[in-house]
Amino acid sequence: MSSRFCPRRLILWLVAIWCLSLLAAPLIGGHALDLHQVLAGEPAASTIFWQLRLPRVLLALLAGGALAAAGAGYQTLFRNDLAEPYTLGVAVGAALGAVLAIRLAPEGSFLGLSWTSVGSFLGALAASALVFGLAQRRRSSSGSSLLLAGIAVSLSCTALILFLQYLSDSTQTFRMVRWTMGGLAVVGYREVLWVLPWVLGGGFVLTRRRWELDLLLTGEELAASRGVDLVRLRLTILAATSAMVGAVVAVAGPIGFVGLMIPHMLRRWIGSDHRFLLPACLLAGGIFLTLCDAAARVALAPAELPVGILTALLGGPFFLWLIFWDGGSG
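So that you can map any letter, position 11 of the sequence shown is 10 in numbering that gives the first Met the number 0, and since no number is skipped, the others follow by simple counting.
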């Protein structure tokens with residue numbers, strides 16, 4: 000796929016916009032802030048900026064980047080531009096873990112995280128391990144085998160979630176439904192520090208495998224003939240992306256379409272060379288989710304719209320754009 004933009008130049012622009020988003024987004028909300036008030040140390044403005052909005056923006060930048068980079072990995076893994084981080088049931092597994100925690104776990108926290116977050120993270124990892132294990136049972140870890148196993152795990156987890164919701168009382172059911180909307184409203188620096196190492200580690204693993212990912216795009220047979228261990232590569236990519244997505248979903252809930260839209264559009268703009276695609280996804284995904292979260296803060300002010308709802312609303316127009324774009328390009 001030929002690129003429309005110079006990859007290096009686009010990445011430089013994304014770095015600049017990423018930094019601008021970090022500075023400007025905390026000023027946006029139902030109660031708009033003036034940067035002069037923050038710099039002057041006005042108590043109310045400083046508290047809102049430093050304690051409420053800045054950690055939220057930091058998490059949005061990390062979470063969006065992680066989802067987009069994971070999406071790029073999945074699209075290459077399946078050689079399908081419509082694949083996303085939740086294709087293998089990671090999000091549904093995380094949702095099942097969160098629902099189980101809401102239903103069964105006591106009040107309190109574990110290592111500074113709520114039991115809901117802990118259950119969600121463990122559910123995401125368990126779902127990913129189950130998918131890979133099922134694919135291996137067929138003595139195959141091809142993209143089609145992983146996809147079929149992911150669909151089976153997703154359907155099973157969805158059925159269990161509905162069953163648990165049916166057994167729960169109204170308060171628990173409300174908490175379950177609210178969590179599945181996804182959002183960044185109740186986060187702090189603790190959640191940022193929780194997500195950071197997983198995003199950095201997963202991004203590092205994906206970047207180290209960029210040459211093998213490029214070869215995989217040419218076909219499994221050709222990649223294998225050039226020395227790529229396909230089983231090991233798929234296991235590595237699946238583990239890295241699942242850890243990234245699981246960490247994000249654990250603190251923000253399932254936020255859809257970021258991992259689908261951003262890498263898909265970037266492939267059209269700069270091509271599929273993972274030297275440029277992965278860092279561009281990390282930057283553009285963070286910018287996109289930060290802008291969506293800023294819009295969610297003001298859309299229903301003084302109330303706030305869960306950002307997961309807003310990203311889902313953008314998914315429909317995005318697919319329509321794909322239909323007409325592909326149709327127009329023949």
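For glycine and all other residues, C-beta sits at the position ideal for the given N, C-alpha and C.
Residue range of the unbroken alpha helix (DSSP H) whose run includes residue i
i    : result
T172 : 169–179
D213 : 209–216
V227 : No alpha helix (DSSP H) contains V227, which DSSP labels as neither H nor E.
I160 : 142–166
A356 : Since the displayed the chain opens at 0 and closes at 329, residue 356 lies outside it and no answer follows.
Where residue i sits in the DSSP three-state scheme
i    : result
S119 : helix
L87  : coil
F4   : coil
L183 : coil
L11  : helix
L112 : strand
A39  : coil
E341 : Here the chain has residues from 0 to 329 only, and residue 341 is not among them.
I16  : helix
L205 : helix
I27  : coil
A239 : helix
A82  : coil
E220 : helix
G329 : Confidence at G329 is low in this model, with a pLDDT of 43, below 50, so its placement is unreliable and no value can be given for it.
A128 : helix
L234 : helix
G107 : coil
A246 : helix
L319 : helix
L195 : helix
L133 : helix
L95  : helix
L313 : helix
L21  : helix
L32  : coil
C-beta contact flag for residue i and residue j at 9 Å
i    : j    : result
S271 : V89  : no
V14  : L26  : no
L290 : L183 : no
R189 : L112 : yes
A65  : V198 : yes
I261 : A67  : yes
A249 : G307 : no
F120 : G201 : no
S116 : A97  : yes
L87  : S127 : yes
A94  : I160 : yes
T75  : L212 : yes
I10  : F275 : yes
T206 : P301 : no
M175 : L163 : yes
G314 : P253 : no
V91  : S153 : yes
I47  : L32  : yes
L110 : V130 : no
G28  : A223 : no
L229 : L216 : no
I286 : S108 : no
V247 : A125 : no
G258 : E83  : yes
D80  : R266 : yes
H273 : R209 : yes
I101 : G122 : no
Exposure label - residue i; buried when at least 16 CB within 10 Å
i    : result
H35  : exposed
Y73  : buried
G284 : buried
L281 : buried
A239 : buried
C5   : exposed
C156 : buried
T170 : exposed
G327 : Since pLDDT at G327 reaches only 49, below the 50 mark, its modelled position is unreliable, and the value read off the structure follows with that caveat. Exposed, by the Cβ-count rule.
I322 : exposed
Cβ-heavy atom distance, residue i to the ligand NAP, below 8 Å
i    : result
W197 : For the ligand NAP, the structure offers nothing, since it holds no ligand at all.
What residue ranges within the segment 249–303 form continuous alpha helix (DSSP H) runs of no fewer than 4 residues, ordered along the chain? 257–269, 273–298
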